[in-house]
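Notes for the one structure printed next.
In this note's numbering, the protein residues as written are 24 to 204.
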């Protein structure tokens with residue numbers, strides 16, 4: 024059996040990183056914090072020679088750019104993961120592949136609470152599809168009918184959020200084309 028890490032439990036990242044860097048040859052820091060502190064956390068980890076894995080919902084693109092520049096200058100790796108769910112990542116990849124074959128797409132999610140709607144997963148899927156430069160749902164690009172879901176961006180992509188207490192969280196992406204039922 025491996026021996027315990029004996030990492031002190033304190034609310035001071037610099038002290039924890041210093042302790043780990045003295046006792047271990049290499050290390051990885053996993054950051055689950057929030058967008059306002061993630062850059063400084065990765066900067067400190069990099070200063071101690073540790074790579075970072077970052078999972079911060081709603082992280083801003085300019086923060087990702089800043090992290091990329093910081094880690095490139097330091098020759099240190101940093102993985103920014105939009106999701107830690109393998110199923111979510113596979114759904115995103117499948118949605119990108121399917122979008123090349125369909126012009127009509129809508130994202131439907133269910134959640135038990137109205138916190139953070141649309142969810143980070145739905146927003147990430149929408150961003151991925153929007154970055155492909157397609158216009159979706161051309162026949163119904165109207166934004167004045169609220170029951171049709173929230174349109175994210177200028178490409179007609181809609182997200183529908185169902186919120187009911189006790190409802191299991193899920194995200195689905197629906198595609199269709201002419202003549203398909």
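Just so it is clear, CB atoms sit at the ideal spot from N, CA and C, and this is done for glycine as well.
Identify which residue in the options has its Cα closest to the Cα of residue i.
{"i": "residue 79", "options": "147, 186, 187 and 25", "result": "147"}
{"i": "residue 199", "options": "125, 155, 145 and 180", "result": "125"}
{"i": "residue 110", "options": "201, 194, 25 and 202", "result": "194"}
{"i": "residue 64", "options": "101, 95, 142 and 128", "result": "101"}
{"i": "residue 188", "options": "136, 153 and 154", "result": "136"}
{"i": "residue 270", "options": "149, 69 and 112", "result": "Nothing can be reported for residue 270, as the shown portion of the chain is limited to 24 through 204."}
{"i": "residue 184", "options": "141, 96, 107 and 67", "result": "141"}
{"i": "residue 76", "options": "99, 145 and 59", "result": "99"}
{"i": "residue 172", "options": "145, 192, 157 and 190", "result": "145"}
{"i": "residue 152", "options": "138, 139, 131 and 122", "result": "122"}
{"i": "residue 162", "options": "138, 56 and 180", "result": "180"}
{"i": "residue 81", "options": "197, 138 and 33", "result": "138"}
When burial is assigned at 16 or more other CB atoms within 10 Å of the CB, is residue i buried or exposed?
{"i": "residue 27", "result": "exposed"}
{"i": "residue 52", "result": "buried"}
{"i": "residue 38", "result": "exposed"}
{"i": "residue 160", "result": "buried"}
{"i": "residue 104", "result": "exposed"}
{"i": "residue 186", "result": "exposed"}
{"i": "residue 201", "result": "exposed"}
{"i": "residue 203", "result": "exposed"}
{"i": "residue 35", "result": "exposed"}
{"i": "residue 178", "result": "buried"}
{"i": "residue 54", "result": "buried"}
{"i": "residue 129", "result": "buried"}
{"i": "residue 43", "result": "buried"}
{"i": "residue 95", "result": "exposed"}
{"i": "residue 107", "result": "exposed"}
{"i": "residue 134", "result": "buried"}
{"i": "residue 132", "result": "buried"}
Which residue or residues does DSSP assign as beta-bridge partners of residue i?
{"i": "residue 101", "result": "75"}
{"i": "residue 54", "result": "77"}
{"i": "residue 195", "result": "131"}
{"i": "residue 174", "result": "181"}
Grab the span of the alpha helix (DSSP H) containing residue i for me, first residue to last.
{"i": "residue 153", "result": "143 to 153"}
{"i": "residue 64", "result": "61 to 70"}
{"i": "residue 85", "result": "84 to 96"}
{"i": "residue 116", "result": "109 to 122"}
May I ask which residues mark the beginning and end of the beta strand (DSSP E) holding residue i?
{"i": "residue 185", "result": "180 to 186"}
{"i": "residue 130", "result": "127 to 134"}
Can at least three beta-carbon pairs, one atom from the segment 82 to 90 and one from the segment 109 to 129, be found at a separation below 8 Å? no
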